[in-house]
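I have placed the structure first, in the form of structure tokens, so that the comments after it can refer back to it.
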Amino acid sequence: MSESTEVQTGSQSFIRVFRALGVFVFMGWLAYVVYSPIVDTTSSHPFKLGLDLAGGSHLVYEADVSKIDPAEVDELMNVLRNVIEGRVNRLGVEENVVYVEQSSFVTDTPVERLVVELPGVSDVSEAVAEIGSTPLLEFKLYDAELDAQQQAVSQSLGSLAESATSSGAVIGDVRINGEAVSKEPPFVDTGLTGRFFERAEAVLPQNAQGSGFATSPFLNITFTAEGGDLFADITRANVGQQLGIFLDGELLSAPTINEAITGGRAVVSGSFTPDEVQALAQNLNFGALPVPIELQSTQTIGASLGEEVLQKGVTAGAIGFSLVVAFMLLWYRLPGLVAGVALISYITIMLALFQYIPVTLTAAGLAGFILSLGMAVDANVLVFERMKEEYRGGAGSRAAATVGFARAWSAIRDGNITSLLSAIILFWFGTSLVKGFALVFGLGVIVSMFSALVITRTLLVTLPDVRLKDKTLWSFLLGNGLNKQK
Amino acid sequence: MTTNIISKRKVYLGIAAVIVTVAIGIIAVFGLRLGIDFTGGSLTEVSYTAAPEKAALEAIVLELGLDGSSVRASVDESGRDAFLIRTRDLSESERVNLSEAVTKMGAAGEVSRFTSIGPVIGQELRDKAVWAIGAVLLVIILYVAYAFAGIGTPVRSWTYGGVTILVLIHDILVPTAVMALLGVWLGAEIDVLFVMALLAVLGYSVNDTIVIFDRVREQLMANRTEHRVEREEAGIMMADITYTLNKPYSELVEAAVSQSMARSINTSVTTMVSLVALYFIGGDVTQTFALVLLAGVLAGTYSSLCIASPLVVAYAKWRGVDVDSTQTIKTI
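Order-wise, the sequence lines are chains A and B. Going by this note's numbering, the first sequence opens with residue 21, and the numbers climb by one from there. Going by this note's numbering, the second sequence opens with residue -17, and the numbers climb by one from there.
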């Protein structure tokens, strides 16, 4: 960095201009990086919006681990997480998040929690039912008679529907022999369910050498003695028929019974992935969930509401930014403009960090960010005030800037370190909501220091070196107007 | 700009005492309404294009056996008429019943927001909030004492740390009193967002105060004369260093405050214009947050200029330091 000398060499001023250009090129590139994911929806680094902005539901379950060996808690919570994630996935909710959270050490008794985030879901009834369900594995026999009935009904329904639509009548439900004909697959219960399992084991193809049953992962089931007998009875009585295997009411496979199977073992195959078959085995082994869970807290925000909050937040940010820059321009003139550029770089860098870390943006985080717009120029204000003193004392504007930065440094450092320490404590203590705010706050402190110490400084020393007594346009622009010197 | 804050410190500290007393009075009289974040419970926001009578909703809530509930008229984010129904922690079936019953009323009823927090989580959030604020205060006093160690003034660096904490208590009381008033007028409740606003105020105010103390440090360094007395003790050369301040302590602090004035006010202006934008445009969710912060930033600016430095000088005088004439001090 060049000191203030009366004679400026050409190469020094060239370097200064080159640095300033470098700052602008860097900011332009970063702005493009930030802007492109907004336009391009397929981007790999979009902004991550919290549920309160995107709309959706946030469910917190408390797991009862009191009857579990403390050494196994972590593992079982992980199993629980996988099981619940599988159930949530079945709902077809995209980008759902399921995670385990421990209560912080400030509480007397530690609590294990499971948090389920469902973006876009504003009616949680279905989700709550699905998450709370126990997996149900059933064996049912194919019923040819029922199948025939159903087909007959659907055929006659088809022709009825045609005539009905022409006559304007509406068809309610159809009953045959007083029994409602359901759309369920044509299978009848056998009474054999997961209750009779002793053990379920996931078999992956690589350790299924020699077994001619399947090439995809499958499930090996060992029945209890009672279940084994039941299974033998069923298979003995129904040789040649199809036995349907259902998981949560969904048909997995329907192999044909070739002979009576004794010995209490069965193989369940379907189009499983290795993960699925393992989760299923875990599920069945634990009968239900590995750990009983209870819904503790629910938060639901309608999608349109979240969008509204986001829109308003962005508008408030834009107006807040304009007001801050307008004030800085009025008060500090040209340096104020430089502070405005530094503030733009602050915003750009922050947004880039939000995308790439990524930081989940919530209403609180957004409010914190808007607050930080006003606070981020503080380092600039500190420097400009110091600079003003030197400038009025007759120093050249460039020398005044250099001295300003040197003098303001200790205050900027001490003030920002306390803020950073506060942010770390907040992050450490916080729940997810507070963590987001603390992260925005902490990043803001670091980035605002960078924008003042690097960007403002680079641009400020590129400006012409003038003195107050010159009485030129430049010396006016680099002065501070509202506070005329006596 | 030359100020008279230090010379008229009794006036400014008196104003601070009045502010603190009034704030405590407001909090004591009106009390604070804890939101469900801290008490546990459920909050249902139901929006209508044409809202039913509040009494009808209250009747429905009672009919469902949800005693001790409260219904409050409000406006949702899209500007529709809405009601906020606060009940105890609801089970899933109770939630479904309530939601069905209230959406049937009025026109186009819709549950636009539902939050339910179990009592255990509420208790934990409350504990966390207290711990977080306590830990932040502790770290601040330690850091200020550390950063200003060796400041070599008539008072120890711990004094600056202690004064900072007193100032912060003032800065917490003011927005909390505002919150108490908002609770009475608008039914605003203390939630996690409020705690975050308080912590942001702490950060802002301590920054503001440190900047002024930094100027005090600079003034002390620039306006002192060093005296070295060298002596030999057991063959080792020792030097006793004392300093004479060239100006009275109170005058140096006054100069520091004067120099910091413009910066303190400018930064509070830029922060407040952001907050005003947030308050008027940022939507209902963060409106209370913005208002509490506005009060906090105002309090923080007043306290760092008109409470912190006067308090340091007042303390020094109380400890027997002659603050109004030049003096010789030892390094600490």
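We put the beta carbon where it would ideally sit given N, CA and C, even for glycine.
Quick one: is Val156 of chain B buried, meaning 16 or more other Cβ sit within 10 Å of its Cβ, or exposed?
Along the second sequence, read from residue 1 onward, the residue named residue 156 of chain B stands at position 174. Under this definition Val156 of chain B is a buried residue.
Tell me whether the beta-carbon of Leu273 of chain B lies closer than 8 angstroms to the beta-carbon of Ala336 of chain A.
Within the second sequence, the letter at position 291 stands for residue 273 of chain B. Within the first sequence, the letter at position 316 stands for residue 336 of chain A. For Leu273 of chain B and Ala336 of chain A, no; Cβs fall outside 8 angstroms.
Can you list the alpha helix (DSSP H) stretches of 4 or more residues lying completely in the stretch 387 to 450 of chain A, in chain order?
Whole alpha helix (DSSP H) segments, 4+ residues: 398 to 412 and 417 to 449.
In or out: Thr129 of chain A buried (at least 16 other Cβ within 10 Å) or exposed?
In the first sequence, residue 129 of chain A corresponds to position 109, counting from 1. Thr129 of chain A comes out exposed.
For the alpha helix (DSSP H) that contains Ile115 of chain B, what are its first and last residues?
Working through the second sequence from its first residue, we reach residue 115 of chain B at position 133. Its alpha helix (DSSP H) spans residues Pro101 to Ala129.
Do the stretch -13 to 5 of chain B and the stretch 227 to 241 of chain B meet, that is, are 3 or more Cβ pairs less than 8 angstroms apart?
Yes, the stretch -13 to 5 of chain B touches the stretch 227 to 241 of chain B.
Can you give me the C-alpha to C-alpha distance between Gly70 of chain A and Thr268 of chain B, rounded to a whole angstrom?
Here residue 70 of chain A is taken as the residue at index 50 of the first sequence, counted from 1. Here residue 268 of chain B is taken as the residue at index 286 of the second sequence, counted from 1. Cα to Cα, the separation comes out at about 15 angstroms.
Between Leu349 of chain A and chain B, is any beta-carbon pair separated by less than 8 angstroms?
Numbered from its first residue, the first sequence carries residue 349 of chain A at position 329. Not one chain B Cβ lies under 8 angstroms of Leu349 of chain A.
Counting only beta-carbon atoms, is Ile123 of chain B nearer than 8 angstroms to chain A?
Here residue 123 of chain B refers to the residue found at position 141 when the second sequence is read from its first residue. So no, Ile123 of chain B is outside the interface.
For Gln298 of chain A and Phe65 of chain B, what's the separation of their Cα atoms in angstroms?
Translated into the one-based positions of the first sequence, residue 298 of chain A becomes position 278. Translated into the one-based positions of the second sequence, residue 65 of chain B becomes position 83. Approximately 47 angstroms between the Cα atoms of the pair.
Does any residue of chain B have a CB that is nearer than 8 angstroms to the CB of Val358 of chain A?
One-based indexing of the first sequence puts residue 358 of chain A at position 338. False, the Cβ-Cβ gap to chain B never drops below 8 angstroms.
When DSSP labels each residue in this structure, what does Val194 of chain A get in the three-state scheme?
Here residue 194 of chain A is taken as the residue at index 174 of the first sequence, counted from 1. Annotation note: pLDDT 45 at Val194 of chain A (below 50); position unreliable, coordinate value reported separately. Three-state DSSP puts Val194 of chain A in coil, outside helix and strand.
At the 8 angstroms Cβ level, is Ser86 of chain A part of the contact set with chain B, yes or no?
Against the first sequence, residue 86 of chain A aligns to sequence position 66. So, not an interface residue.
Helix, strand or coil: how does DSSP classify Gly188 of chain A here?
Within the first sequence, numbered from 1, the residue matching residue 188 of chain A stands at position 168. Unreliable positioning characterises Gly188 of chain A in this predicted model, as indicated by a pLDDT of 43, which lies under 50. A coordinate reading is not provided.
Tell me, which residues are paired with Gln319 of chain A by DSSP?
Within the first sequence, numbered from 1, the residue matching residue 319 of chain A stands at position 299. DSSP, once it has assigned bridges, lists A:His78 and B:Thr97 as partnering Gln319 of chain A.
For Pro139 of chain A, report the span of its alpha helix (DSSP H) as first-last.
What you label residue 139 of chain A is simply residue 119 of the first sequence in a count that begins at 1. Where Pro139 of chain A is concerned, there is no enclosing alpha helix (DSSP H), although the beta strand (DSSP E) it sits in stretches over Glu132 to Pro139.
Check whether chain B comes within 8 angstroms of Leu488 of chain A, counting only Cβ atoms and requiring the distance to be less than that.
If you number the first sequence from 1, residue 488 of chain A lands on position 468. For Leu488 of chain A, the answer is no, since every Cβ of chain B falls outside 8 angstroms of its Cβ.
Under a three-way DSSP split, which group does His209 of chain B fall into?
Position 227 of the second sequence, counted from the start, is the residue given in the question as residue 209 of chain B. It is a strand residue.
By Cβ distance below 8 angstroms, which residues in the same chain neighbour Gly265 of chain B in space, the five residues on each side in sequence not counted?
To locate residue 265 of chain B, count along the second sequence from 1; it is residue 283. Closer than 8 angstroms at Cβ, skipping near neighbours: Glu59.
Using the Cα positions of Pro540 of chain A and Ala168 of chain A, report the straight-line distance between them to the nearest angstrom.
This structure cannot settle anything about residue 540 of chain A, because the visible part of chain A is limited to 21 through 506.
Give me the Cβ distance between Ser52 of chain B and Asp71 of chain B, rounded to the nearest whole Å; I'm assuming they're in contact under 8 angstroms.
Translated into positions along the second sequence, residue 52 of chain B becomes position 70. Translated into positions along the second sequence, residue 71 of chain B becomes position 89. Contact doesn't hold; Cβ gap of about 15 angstroms is too wide.
Which residues in the same chain have their Cβ closer than 7 angstroms to the Cβ of Val344 of chain A, if we skip the five residues on either side of it in sequence?
Against the first sequence, residue 344 of chain A aligns to sequence position 324. So the qualifying residues of the chain are Leu363, Leu393, Gly394 and Val397.
Interface residues of chain B around Lys455 of chain A at Cβ under 9 angstroms?
Translated into the one-based positions of the first sequence, residue 455 of chain A becomes position 435. Residues of chain B passing the Cβ test: none, with the nearest at roughly 11 angstroms.
Between Ala83 of chain B and chain A, is any beta-carbon pair separated by less than 8 angstroms?
Residue 83 of chain B sits at position 101 when you count from the first residue of the second sequence. So no, Ala83 of chain B is outside the interface.
Taking 8 angstroms as the threshold (C-beta atoms), are Val467 of chain A and Val348 of chain A in contact?
For the purposes of this step, residue 348 of chain A is taken as the residue at position 328 of the first sequence. For the purposes of this step, residue 467 of chain A is taken as the residue at position 447 of the first sequence. The identity of residue 348 of chain A in the sequence shown is Met, whereas the question assumes Val. No, these two residues do not count as a Cβ contact at 8 angstroms.
Does Val379 of chain A pass the burial test, meaning 16 or more other C-beta atoms within 10 Å, or should it be called exposed?
Position 359 of the first sequence, counting from 1, holds the residue named residue 379 of chain A. It counts as buried.
Which whole-angstrom value is the C-beta distance of Val53 of chain A and Ala372 of chain A, which I expect to be below 8 angstroms?
Counted from its first residue, the first sequence places residue 53 of chain A at position 33. Counted from its first residue, the first sequence places residue 372 of chain A at position 352. The Cβ separation is near 6 angstroms, so the contact holds.
Check this for me: beta carbons of Glu208 of chain B and Ala221 of chain B, under 8 angstroms apart or not?
Position 226 of the second sequence, counted from the first residue, corresponds to residue 208 of chain B. Position 239 of the second sequence, counted from the first residue, corresponds to residue 221 of chain B. No, the pair does not count as a contact, with Cβ atoms beyond the cut-off.
Following a CB-centred definition, is Val303 of chain B positioned closer than 7 angstroms to any heavy atom of the ligand FAD?
Although the ligand FAD was asked about, the structure shown includes no ligands whatsoever.
Touch check for the stretch 278 to 286 of chain B and the stretch 174 to 187 of chain B: three-plus C-beta pairs under 8 angstroms?
Because the criterion of three Cβ pairs below 8 angstroms is met, the stretch 278 to 286 of chain B and the stretch 174 to 187 of chain B touch.
On a Cα-Cα basis, can you pick out the residue from B:Ala162, B:Leu14 and B:Ile18 that is closest to Gln316 of chain A?
Within the first sequence, the letter at position 296 stands for residue 316 of chain A. Here the closest residue by C-alpha is B:Ile18.
Alpha carbon to alpha carbon, how far is Pro136 of chain B from Asp304 of chain B? Give it in angstroms, no decimals.
In the second sequence, counting from the first residue as 1, residue 304 of chain B sits at position 322. In the second sequence, counting from the first residue as 1, residue 136 of chain B sits at position 154. Each residue's Cα considered, the two are about 9 angstroms apart.
Thinking C-alpha only, which one of A:Thr276, A:Gly106, A:Ala426 and A:Val131 is nearest Ala399 of chain A?
Locating residue 399 of chain A in the first sequence gives position 379, counting from the first residue. It is A:Ala426.
If you reduce the DSSP assignment to three classes, tell me which class Val174 of chain B lands in.
Your numbering for residue 174 of chain B matches position 192 in the second sequence. If DSSP states are grouped into helix, strand and coil, Val174 of chain B belongs with the helices.
If you measure from the beta carbon of Arg245 of chain B to each beta carbon in chain A, is any gap under 8 angstroms?
Indexing the second sequence from 1 puts residue 245 of chain B at position 263. For Arg245 of chain B, the answer is yes, since a Cβ of chain A falls inside 8 angstroms of its Cβ.
Check Ser81 of chain B in the structure and name its three-state DSSP category.
What you label residue 81 of chain B is simply residue 99 of the second sequence in a count that begins at 1. It is helical.
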